[in-house]
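Trainee: Here it is, the structure in full.
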Amino acid sequence: MKKYLYPAFVFGVLTIVQSQAHADQGDWLVRIRALDIQPRNQSDPIPALGVPANAITLNNKWAPEIDLSYFLLNNIALELILTYPQRHDVSLNGTKIGTAKHLPPTLTVQYHFIPDGKFRPYLGAGINYTHFSDVNLSVPGVGQLDMGRSSWGGALQAGFDVEVGENKFINFDVKKIYISSDVKLAATGATVSHVRLDPLVLGVGFGWKF
34 MKKYLYPAFV
44 FGVLTIVQSQ
54 AHADQGDWLV
64 RIRALDIQPR
74 NQSDPIPALG
84 VPANAITLNN
94 KWAPEIDLSY
104 FLLNNIALEL
114 ILTYPQRHDV
124 SLNGTKIGTA
134 KHLPPTLTVQ
144 YHFIPDGKFR
154 PYLGAGINYT
164 HFSDVNLSVP
174 GVGQLDMGRS
184 SWGGALQAGF
194 DVEVGENKFI
204 NFDVKKIYIS
214 SDVKLAATGA
224 TVSHVRLDPL
234 VLGVGFGWKF
């Protein structure tokens, strides 16, 4: 009898361990966040126009965001961060010269330190693609300005989820996203400056796990 019970016991233990090790594998986590976007606002000087360094700035902005996370493993997830094109005021030496929109989808790989805890911190790193559109910039005496349409850069992330109910979470998140673009004369396409927006993005929101 014992020779039958022992294999059954071992099989049962292995089954339990395996199910626990992969409890979150294949799960989806959907979050909705409110974001505070704070551009770094560094730009090259334009000596011909007497414009100093860091004179081109974009305003801070609140924006909604939705993100989708898929757990490849218990501790490893892919997160896709999405929003709609955000319109920013663009200023030169503190004077508004127009507006521009940017759409910054970002994909990160996250490591979740305590995936089964009430408090679930994580770190992430990935890649950002930003598309600029509806650029409407004009400087008196210079004319219309344009911006490069595409930017590729890295992204860093830290945050945590707090479980507040079955498969429900409050989320706090911080990202550093590296975004840059050339500023050009619209008439000739000549580059006159290079801007590094590199925003710090603070987020708070609510999530559901499926």
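Count along the sequence shown from 1, add 33, and you get the number used in this note's numbering.
Beta carbons: idealized from backbone N, C-alpha and C, even for Gly.
Source: prediction; values computed, not measured.
Taking Cβ to Cβ, would you say Ser171 is nearer than 9 Å to Gly131?
Mentor: yes
Trainee: Alpha carbon to alpha carbon, how far is Ser102 from Lys134? Give it in angstroms, no decimals.
Mentor: 26 Å
Trainee: State the Cα-Cα distance for the pair Ala220 and Gln177, rounded to the nearest angstrom.
Mentor: 7 Å
Trainee: Going by DSSP, what residues sit across from Ile65 in a beta bridge?
Mentor: Ile99, Phe239
Trainee: From the DSSP output, read off the bridge partner residues of Ala133.
Mentor: Under DSSP, Ala133 takes part in a beta bridge, and its partners are His121.
Trainee: I'd like to check one pair, Phe205 with Val237: are the Cβ atoms closer than 9 Å?
Mentor: yes
Trainee: Helix, strand or coil for Ala188? Go by DSSP, reduced to three states.
Mentor: strand
Trainee: Between the C-alpha atoms of His55 and Asn87, what's the straight-line distance to the nearest angstrom?
Mentor: For His55, the predicted structure reports a pLDDT of 36, less than 50, and the residue's modelled location is therefore unreliable. A value from the coordinates is still provided. So the two alpha carbons sit approximately 49 Å from each other.
Trainee: Assuming contact is defined by CB atoms lying nearer than 9 Å, are Val225 and Ala81 in contact in what I supplied?
Mentor: yes
Trainee: To the nearest angstrom, report how far apart Leu140 and Asn200 are at their CA atoms.
Mentor: 23 Å
Trainee: Are Gln58 and Phe104 close, meaning C-beta to C-beta below 9 Å?
Mentor: yes
Trainee: If you reduce the DSSP assignment to three classes, tell me which class Pro85 lands in.
Mentor: In the structure shown, the three-state DSSP call for Pro85 is coil.
Trainee: In terms of residue numbering, what span does the beta strand (DSSP E) encompassing Val142 cover?
Mentor: Run containing Val142: 139 to 145, per the beta strand (DSSP E) assignment.
Trainee: When you compare the CB positions of Lys189 and Ser214, do they come within less than 9 Å of one another, or not?
Mentor: A small correction: the amino acid at residue 189 is Leu; Lys does not occupy that position in the sequence shown. No, the Cβ-Cβ distance between Leu189 and Ser214 is not below 9 Å.
Trainee: Starting from Arg153 and walking both ways along the beta strand (DSSP E), at which residues does that stretch end?
Mentor: 152 to 172
Trainee: Within this structure, are the beta carbons of Arg64 and Phe243 separated by less than 9 Å?
Mentor: no
Trainee: Excluding the five sequence neighbours on either side, which residues of its own chain have a C-beta within less than 8 Å of the C-beta of Arg73, listed in chain order?
Mentor: Scanning its chain for C-beta atoms nearer than 8 Å, with the 5 sequence neighbours on each side dropped, one finds around Arg73 the residues Arg229, Leu230, Asp231, Pro232, Leu233, in chain order.
Trainee: If you draw a straight line from the alpha carbon of Ala196 to that of Asp60, how long is it in whole angstroms?
Mentor: The amino acid occupying residue 196 in the given sequence is Glu; Ala does not appear at that position. Each residue's alpha carbon lies about 15 Å from the other.
Trainee: Which residues in the same chain as Pro78 place their Cβ atom closer than 8 Å to its Cβ, once the five residues preceding and following it in sequence are excluded?
Mentor: Val84, Pro85, Ala86, Ala88, Ser226
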